[in-house]
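Engineer: Converting from the sequence shown to this note's numbering requires adding 57 to each position, the first position being numbered 1.
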Amino acid sequence: MRMSLLRAPLLALGFGVMAFGQASPVPGKVGIIHIQNAIIQTKDGQKAAADIDAKFGPKRKDVEQKQSELQQMEQQARTGANTMSDEAKMKLTRDIDQRRKQLQREMDDASAELEQEQSRVLQELGQKMMSVIDHYATDHGFVLILDVSSQQTPVLYASNTIDITREIVELYDKAQSGGAAPAAAVPTGAPTGRPAGALPPAAPKR
Numbered sequence: 058m059r060m061s062l063l064r065a066p067l068l069a070l071g072f073g074v075m076a077f078g079q080a081s082p083v084p085g086k087v088g089i090i091h092i093q094n095a096i097i098q099t100k101d102g103q104k105a106a107a108d109i110d111a112k113f114g115p116k117r118k119d120v121e122q123k124q125s126e127l128q129q130m131e132q133q134a135r136t137g138a139n140t141m142s143d144e145a146k147m148k149l150t151r152d153i154d155q156r157r158k159q160l161q162r163e164m165d166d167a168s169a170e171l172e173q174e175q176s177r178v179l180q181e182l183g184q185k186m187m188s189v190i191d192h193y194a195t196d197h198g199f200v201l202i203l204d205v206s207s208q209q210t211p212v213l214y215a216s217n218t219i220d221i222t223r224e225i226v227e228l229y230d231k232a233q234s235g236g237a238a239p240a241a242a243v244p245t246g247a248p249t250g251r252p253a254g255a256l257p258p259a260a261p262k263r
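(1) Would you mind working out which of Thr140, Arg135, Gln93 sits nearest Thr150, comparing C-alpha positions?
(2) So, are the CB atoms of Ile89 and Leu203 less than 8 Å apart?
(3) In chain order, which beta strand (DSSP E) runs of at least 3 residues are fully inside the region 158-217?
(4) Entirely within the region 78-113 and at least 3 residues each: give me those beta strand (DSSP E) ranges in chain order.
(5) Have a look at Arg117 and Glu170 and give me their C-alpha separation to the nearest angstrom.
(6) In the DSSP output, what is Asp220 paired with across the bridge?
(7) Sort Val178, Met186, Ser125 by Cα distance to Asp110 and report the nearest one.
(8) Compute the beta-carbon to beta-carbon distance between Asn94 and Ser176, rounded to the nearest angstrom, for a pair I have assumed lies under 8 Å.
(9) Give every residue of the same chain whose Cβ lies closer than 6 Å to the Cβ of Ala76, excluding the five residues on either side of it in the sequence, and list them in chain order.
(10) Which of helix, strand or coil does DSSP assign to Ser125?
(11) Smallest Cα separation from Gln155: which of Lys123, Ser168, Met186?
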């Protein structure tokens, strides 16, 4: 049993498909964004990840210590199987079972609390990010922006030249620092296309 604390786990957010900009008969631009990457890379996202790690770090260490103690008890039961009395073996078995159940409850509670905290932070940062994306799309003539950070995205291929993640991160940090958000240009350069990648899924609860 191991307890997984998502450091930037801030990575469990997906916005699906998003469209911005006013309807217009004139063809507009299409872009992609890695929302999860964008949020993590902002200064607010990095600070939130550090705060979550600091808050849940002590609990993680406590769980790891209890895991180590449980493993030692299990090792003791295996090595002493032929030398311990039946009564001693039964007592040790009961103690191991009780500790294992207690540890599992603590891990489940900590995971639920962590998930709740992450969701709160992601909701808060996500709303700010959406505002930045909305303004960027309108200012630069985008009619469609797709989030490709989710494995469920319908996008199978996208060129690097339409990825606006970096621009959105810069505009977000600029806006949060109180400065005027400059007009960011769409990436230019050789069309080095690649499949639109998706971030790995959040670690499963154990």
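Beta carbons are placed, not taken as given, at the ideal position from N, Cα and C, and that holds for glycine.
Structural biologist: According to the structure data:
(1) When Thr140, Arg135, Gln93 are compared, the shortest CA-CA separation from Thr150 is found for Arg135.
(2) Against a cut-off of 8 Å, the Cβ pair of Leu203 and Ile89 comes out as a contact.
(3) For the region 158-217, whole beta strand (DSSP E) runs of length 3 or above, ordered along the chain, are 199-204.
(4) Qualifying beta strand (DSSP E) stretches, in chain order: 86-90.
(5) Cα to Cα, the separation comes out at about 12 Å.
(6) Asp220 pairs with Ile89.
(7) Ranking Val178, Met186, Ser125 by Cα distance to Asp110 puts Val178 first.
(8) Between Asn94 and Ser176 the beta-carbon gap is near 18 Å, outside 8 Å, which marks them as no contact.
(9) Note on Ala76: pLDDT 44, under 50, position unreliable in the model; the coordinate value appears next. Cβ neighbours of Ala76 beyond the five flanking positions: Leu201.
(10) Note: Ser125 maps to helix in three-state DSSP.
(11) Minimum Cα distance to Gln155 is reached at Lys123.
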